[in-house]
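S.K.: First the structure, then my questions, so here it is.
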Amino acid sequence: MDFKNKSIISLRDLTKEEVEFILQKSDEVKSDKHPDALKDKVMASLFFEPSTRTRLSFESAMISLGGKVFGFATQDSSSVSKGETLKDTIKMVTGYCDVIIMRHPLEGASRAAQEVSSVPIINCGDGSNQHPTQALLDLFTIKDKFKKIDGLNIGLYGDLRYGRTVHSLSMALSHYKVNLYFISPKILQMPDHYKLYLNQCGLKYFEAESLEEVADKLDVIYVTRIQKERFADPEEFVKVAGSYKITLNTLGMLKKSAKIMHPLPRVNEIDTSVDNTEHAIYFEQAHNGIPVRQALLGLVTGGIR
Amino acid sequence: MDFKNKSIISLRDLTKEEVEFILQKSDEVKSDKHPDALKDKVMASLFFEPSTRTRLSFESAMISLGGKVFGFATQDSSSVSKGETLKDTIKMVTGYCDVIIMRHPLEGASRAAQEVSSVPIINCGDGSNQHPTQALLDLFTIKDKFKKIDGLNIGLYGDLRYGRTVHSLSMALSHYKVNLYFISPKILQMPDHYKLYLNQCGLKYFEAESLEEVADKLDVIYVTRIQKERFADPEEFVKVAGSYKITLNTLGMLKKSAKIMHPLPRVNEIDTSVDNTEHAIYFEQAHNGIPVRQALLGLVTGGIR
Amino acid sequence: MDFKNKSIISLRDLTKEEVEFILQKSDEVKSDKHPDALKDKVMASLFFEPSTRTRLSFESAMISLGGKVFGFATQDSSSVSKGETLKDTIKMVTGYCDVIIMRHPLEGASRAAQEVSSVPIINCGDGSNQHPTQALLDLFTIKDKFKKIDGLNIGLYGDLRYGRTVHSLSMALSHYKVNLYFISPKILQMPDHYKLYLNQCGLKYFEAESLEEVADKLDVIYVTRIQKERFADPEEFVKVAGSYKITLNTLGMLKKSAKIMHPLPRVNEIDTSVDNTEHAIYFEQAHNGIPVRQALLGLVTGGIR
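Chains as they are written, first to last, in the numbering used here: chain B, 3 to 307; chain G, 3 to 307; chain C, 3 to 307.
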């Protein structure tokens, strides 16, 4: 399977075989370091919107493989403010590097970049649209923990409407025989076009408004943050956010083997008292960003095959 | 010719032989990569004023040769705001690196830095004064395309008063037997001291207010952006900027072999429909920043001879 | 002596033997470069508060030893603004690197980070509390110049109340038989708990309000900046700051062999006319940040033993 020069824009572009291949390569990279695999490769890291986790883990992934990094972490440390279009910025940068990773506030920005780029683009989040590398590391973490994906009951919990991580993860899971549980307040339900897509893939999903309804079935609870700015009425936010929280009390409802995931950053939707229980795997999940991103960088630049 | 420890502050400091030597070394670097030429060298990248193109291409140039980079991309990510003078900042950084590249909003800042630095300084733009590495890559691009510089008719178009790239390029071209055409609105004409300098060098230049007057003579049209903030009257800006634009229609006036250059970023002074014509070489020009800056970094640090 | 995986949070945690060992290693690193000592090590550089000197010298120190760096230079280029706690940020980053250097506006932040980190933390300043690597490079500079520390008369001059560098330096000096002179305006005197600590260590200190009183005794005058924001009354600031200045006139009061130090940045508390005298060693002091930080990075990551 040849990923060389392939861009990673949306999970929708990847076949099941390709997803599985990436997971397998990530596993190889995790157990067997390749300190010089990307020795002569240069990565441009273009963050038109700030990020900690994604940017830092990508940069760490690249340099740990001997690769080199340049770029910008915020739009105002670039001259984008002079009015240059995204396409012009990409056409320029494409001459300076072997791979571009980018985050942008607008949906579709990575796709537009790919159209004019002569090097592969990896989408690190475009608006509330997609965040494919997050979905791949989520999938990797599930497989690493359960040694399988098929047959699992996976709950997505919190803001399913605007959360790009749950959108990308649903796409990724559409390749597997899983049961999905969408647990969210009414106004933050999974958008219809994702549900339609899952239907077409023959995937079963169930919707619920409270965790209690489905808690004892779940193998995985994937928690996302509910953001204040999604609510017109601040009191409504306080009420909703207050009831979408994982605490030590919640754990009693869960299977003993159930695992709690979170894309991070976490504010208070998971109480820190949960961190040291066997259910919590969100920091391990974050750390899996390294092997998965190393595998991706290696595959698209040709440094890993 | 020994460039080791030489600062690159202004084109005016370089003899024709030195310019030609840099162009020749750039050509060698472009065709024959030196992946480890700067292996043990460290570059400080000090941008007191933000930049995308110059900073990113310099950093990419350095790391591609095995060199290492640290620095800051905006003044507020440094403690310059605590009131430290530029000279003190340079005296400190000079102990941490083998070469300093810097951009600063004030004219003459790089020269002041050079006075106290024990390592070579490369000026990446000081106010509306000079931007020598841009001029060198412009020259490199012209020579690369036409296989000569002498004898060409070169038009500088747009804002010739405040545009530091056209100032540096004029200086660079003063070493050659070219005809210069300055095409600009009256209030944005080339400053008198540059014209005086060109006179002293025996260079012929012609001034025009519209491209039509000279279009059929030009081998190169070097376009620069006209900035709103240069006009007291916003309506005057709209009128002027509207007439200083390159579109598909403009191309009909040009020689078939004429090439359009631009230091980028471009806003709308060149219509994107022009990008795919044979006249457009501005992205190639931007990409030439890599070999030219690699050659310069190599020469001044002693990594390339 | 094994420093591997040891965090450097406060001078108070280091025994005299450990301090001496670090100084000795710094000396070795200074005279004998180790270009590949940290070849496979990755450093996270987390500046929740901007810095030039400390960040740049640490990054230069790391890359000069072949190590790799990622991180952020300002809080707003990270997603810390999304409300993530420091501990969560550290728990994440700890999976991406071999060592973390951090500066934070709050006292005790580095200690809190250390509690949850699986890699060593080096404190680069936490509020007005501690800045241990600065103290170590100060100590290194004194020893390098005088070939001893015991027996010296060391004056700390300026803002002794809020200046974290003088706090850390006092701690460091508490291991030696020195006489300390605290010279400051009344409202900026050394805090009582530091004086109490020095008493317990059996160290002698003297307090003065003007340099004249003690100038002829001093071997070292360590100058710090007096900041306007410490004064309720701006006129009071002008009066005080005006009298706490080192000029060419001051030098006449000093021993011929006395050395003037400053953690930098300097604003106008030392006149630039002093820079070229034999008394001035503050830029050399800044440059010593490289070997001392190289030694520390090497020791805590195990790359240097």
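Note that beta-carbon positions come from the ideal geometry of N, C-alpha and C, so glycine has one too. Please read all numbers here as calculations on a predicted model, not as lab measurements.
Is it the case that the Cβ atoms of aspartate 128 of chain G and alanine 111 of chain G are separated by a distance below 8 Å?
M.R.: The sequence position of residue 128 of chain G within the second sequence is 126, counting from 1. The sequence position of residue 111 of chain G within the second sequence is 109, counting from 1. Against a cut-off of 8 Å, the Cβ pair of alanine 111 of chain G and aspartate 128 of chain G comes out as a contact.
S.K.: Just to make sure I have the definition right: I need the residues of chain C whose C-beta is within less than 7 Å of the C-beta of methionine 94 of chain G. Which are they?
M.R.: As a working note, residue 94 of chain G is residue 92 in the second sequence. In chain order: Arg55, Leu266, Phe285 and Ala288.
S.K.: Using a Cβ-Cβ distance under 8 Å, would serine 59 of chain C count as near chain G?
M.R.: Taking the third sequence and counting its residues from 1, the one referred to as residue 59 of chain C is at position 57. True, the Cβ-Cβ gap to chain G drops below 8 Å.
S.K.: Look at the Cβ atom of glycine 304 of chain C, then the Cβ atom of lysine 6 of chain C, and state whether they are nearer than 8 Å.
M.R.: To locate residue 304 of chain C, count along the third sequence from 1; it is residue 302. To locate residue 6 of chain C, count along the third sequence from 1; it is residue 4. Yes.
S.K.: At a CB-CB cut-off below 8 Å, which residues of chain G make contact with glycine 157 of chain B?
M.R.: The residue labelled residue 157 of chain B in the question sits at position 155 within the first sequence. Chain G residues near glycine 157 of chain B: none, gap ~41 Å exceeds 8 Å.
S.K.: Straight-line CA distance for histidine 36 of chain C to leucine 139 of chain C?
M.R.: Along the third sequence, read from residue 1 onward, the residue named residue 36 of chain C stands at position 34. Along the third sequence, read from residue 1 onward, the residue named residue 139 of chain C stands at position 137. If I take the Cα positions, the gap works out to 19 Å.
S.K.: Are the CB atoms of phenylalanine 49 of chain G and leucine 58 of chain C nearer to each other than 8 Å?
M.R.: For this step, residue 49 of chain G is matched to residue 47 along the second sequence. For this step, residue 58 of chain C is matched to residue 56 along the third sequence. No, the pair does not count as a contact, with Cβ atoms beyond the cut-off.
S.K.: List in chain order: all unbroken alpha helix (DSSP H) runs of 4+ residues lying wholly within the region 144 to 195 of chain C.
M.R.: Listed in chain order, the complete alpha helix (DSSP H) runs (minimum 4 residues) inside the region 144 to 195 of chain C are 166 to 175.
S.K.: Does DSSP put alanine 282 of chain G in a helix, in a strand, or in coil?
M.R.: Indexing the second sequence from 1 puts residue 282 of chain G at position 280. Note: alanine 282 of chain G maps to strand in three-state DSSP.
S.K.: Report the residue ranges of all beta strand (DSSP E) runs contained in full by the region 233 to 293 of chain B; include only those spanning at least 3 residues, in chain order.
M.R.: Qualifying beta strand (DSSP E) stretches, in chain order: 261 to 263.
S.K.: If threonine 249 of chain C sits next to leucine 213 of chain C, beta carbons under 8 Å apart, how far is it from one beta carbon to the other, in whole angstroms?
M.R.: Here residue 249 of chain C corresponds to residue number 247 of the third sequence, with the count starting at 1. Here residue 213 of chain C corresponds to residue number 211 of the third sequence, with the count starting at 1. Wrong, their Cβ atoms sit about 11 Å apart, outside the cutoff.
S.K.: Quick one: list the residues of chain C neighbouring serine 62 of chain B, beta-carbon separation under 8 Å, in chain order.
M.R.: In the first sequence, counting from the first residue as 1, residue 62 of chain B sits at position 60. Going along chain C in sequence order, the residues near serine 62 of chain B (Cβ under 8 Å) are Val44, Ala46, Phe72, Tyr98 and Cys99.
S.K.: Which whole-angstrom value is the C-beta distance of serine 130 of chain C and arginine 166 of chain C, which I expect to be below 8 Å?
M.R.: By 1-based counting over the third sequence, the position of residue 130 of chain C is 128. By 1-based counting over the third sequence, the position of residue 166 of chain C is 164. Indeed they touch by this definition, with Cβ atoms about 5 Å apart.
S.K.: When the cut-off is 8 Å and only beta carbons count, does threonine 91 of chain B lie next to chain G?
M.R.: Sequence index remark: in the first sequence, residue 91 of chain B carries index 89 (1-based). Yes, threonine 91 of chain B counts as interfacial toward chain G.
S.K.: Roughly how many angstroms separate the alpha carbons of isoleucine 156 of chain C and aspartate 218 of chain C, rounded to a whole number?
M.R.: Within the third sequence, the letter at position 154 stands for residue 156 of chain C. Within the third sequence, the letter at position 216 stands for residue 218 of chain C. Approximately 11 Å between the Cα atoms of the pair.
S.K.: Cβ of arginine 14 of chain B within 8 Å of Cβ of methionine 173 of chain B?
M.R.: Indexing the first sequence from 1 puts residue 14 of chain B at position 12. Indexing the first sequence from 1 puts residue 173 of chain B at position 171. Their beta carbons are under 8 Å apart, which means arginine 14 of chain B touches methionine 173 of chain B by this criterion.
S.K.: Measure from the C-beta of glutamate 117 of chain B to each C-beta in chain G and report whether the shortest distance is under 8 Å.
M.R.: Start at 1 with the first residue of the first sequence, and residue 117 of chain B comes out as number 115. Taking Cβ atoms only, chain G never reaches closer than 8 Å to glutamate 117 of chain B, which makes this a no.
S.K.: Inspect the beta-carbon positions of glycine 300 of chain G and alanine 39 of chain G and report whether they are closer than 8 Å.
M.R.: Residue numbering aside, residue 300 of chain G sits at position 298 when the second sequence is read from its first letter. Residue numbering aside, residue 39 of chain G sits at position 37 when the second sequence is read from its first letter. Contact flag set, yes.
S.K.: Tell me, please, whether the region 237 to 246 of chain B touches the region 281 to 300 of chain B by the rule of three or more beta-carbon pairs shorter than 8 Å.
M.R.: Short answer: they don't touch.
S.K.: Please report the straight-line C-alpha distance between serine 176 of chain G and leucine 205 of chain G, rounded to a whole angstrom.
M.R.: Position 174 of the second sequence holds residue 176 of chain G. Position 203 of the second sequence holds residue 205 of chain G. Taking the straight line joining both Cα atoms gives about 6 Å.
S.K.: Taking CB distances under 8 Å as the criterion, tell me whether glutamate 86 of chain B reaches chain G.
M.R.: Indexing the first sequence from 1 puts residue 86 of chain B at position 84. Yes, because at least one Cβ of chain G sits closer than 8 Å to the Cβ of glutamate 86 of chain B.
S.K.: Please tell me whether alanine 2 of chain B has its Cβ less than 8 Å away from any Cβ of chain C.
M.R.: The structure shown does not extend to residue 2 of chain B, since chain B is modelled only from 3 through 307, so no value can be given for it.
S.K.: Looking at the strands, I want to know which residues DSSP matches up with phenylalanine 208 of chain B.
M.R.: Within the first sequence, residue 208 of chain B is the residue found at index 206, counting from 1. BP columns for phenylalanine 208 of chain B point to B:Tyr183.
S.K.: What residue from C:Ser245, C:Tyr224 and C:Thr17 has the CA that sits closest to alanine 282 of chain C's CA?
M.R.: Here the question's residue 282 of chain C lines up with position 280 in the third sequence. Of C:Ser245, C:Tyr224 and C:Thr17, the residue nearest in Cα terms is C:Tyr224.
S.K.: Return the residue from the list G:Arg268, G:Ser33 and G:Val168 that minimises the CA-CA distance to serine 12 of chain G.
M.R.: Within the second sequence, the letter at position 10 stands for residue 12 of chain G. Answer by Cα proximity: G:Val168.
S.K.: Start and end of the alpha helix (DSSP H) containing aspartate 29 of chain B?
M.R.: Residue numbering aside, residue 29 of chain B sits at position 27 when the first sequence is read from its first letter. Its alpha helix (DSSP H) spans residues 18 to 33.
S.K.: Determine the direct distance from the alpha carbon of tyrosine 159 of chain B to that of glycine 258 of chain B, and round the result to whole angstroms.
M.R.: In the first sequence, the residue the question calls residue 258 of chain B occupies position 256. In the first sequence, the residue the question calls residue 159 of chain B occupies position 157. The sequence shown places lysine at residue 258 of chain B, not glycine. If you take the alpha carbons of lysine 258 of chain B and tyrosine 159 of chain B, they lie about 19 Å apart.
S.K.: At what residues does the beta strand (DSSP E) containing lysine 93 of chain C begin and finish?
M.R.: One-based indexing of the third sequence puts residue 93 of chain C at position 91. Counting along the chain, lysine 93 of chain C falls outside any beta strand (DSSP E), though it belongs to the alpha helix (DSSP H) covering 88 to 95.
S.K.: Quick check on serine 245 of chain C: buried or exposed, where buried means 16 or more other Cβ atoms within 10 Å of its Cβ?
M.R.: Numbered from 1 along the third sequence, position 243 holds the residue referred to as residue 245 of chain C. Counting Cβ neighbours within 10 Å, serine 245 of chain C comes out exposed, since fewer than 16 surround it.
S.K.: Might you give, ordered along the chain, the residues of its own chain that have their beta carbon closer than 7 Å to the beta carbon of leucine 162 of chain G, omitting 5 neighbours on each side?
M.R.: Here residue 162 of chain G corresponds to residue number 160 of the second sequence, with the count starting at 1. Answer for leucine 162 of chain G: Val168, Phe184, Ser186, Leu190, Gln191 and Met192, listed in chain order.
S.K.: To the nearest angstrom, how far is it from the Cα of valine 276 of chain G to the Cα of aspartate 146 of chain G?
M.R.: Start at 1 with the first residue of the second sequence, and residue 276 of chain G comes out as number 274. Start at 1 with the first residue of the second sequence, and residue 146 of chain G comes out as number 144. Each residue's alpha carbon lies about 21 Å from the other.
S.K.: Using the Cβ count rule (16 or more neighbours within 10 Å means buried), how would you classify asparagine 278 of chain B?
M.R.: Along the first sequence, one-based indexing puts residue 278 of chain B at 276. Asparagine 278 of chain B comes out exposed.
S.K.: Could you give the distance in angstroms between the alpha-carbon of serine 66 of chain B and the alpha-carbon of methionine 104 of chain B?
M.R.: On the first sequence, residue 66 of chain B is found 64 positions in, with the first residue counted as 1. On the first sequence, residue 104 of chain B is found 102 positions in, with the first residue counted as 1. Their Cα atoms are separated by approximately 19 Å.
S.K.: Can you check DSSP and say which residues form a bridge with arginine 105 of chain C?
M.R.: Walking along the third sequence from the start, residue 105 of chain C turns up at place 103. Answer by DSSP bridge pairing, in chain order: C:Phe49.
S.K.: Assuming the contact rule is C-beta atoms closer than 8 Å, glutamine 136 of chain G and proline 265 of chain G should be a hit. Round their C-beta distance to whole Å, please.
M.R.: Counting from one through the second sequence, the residue named residue 136 of chain G turns up at place 134. Counting from one through the second sequence, the residue named residue 265 of chain G turns up at place 263. Sure, about 6 Å apart at Cβ, within 8 Å.
S.K.: What are the boundary residues of the beta strand (DSSP E) that includes isoleucine 11 of chain B?
M.R.: Your numbering for residue 11 of chain B matches position 9 in the first sequence. It is not in any beta strand (DSSP E) - isoleucine 11 of chain B carries neither H nor E in the DSSP assignment.
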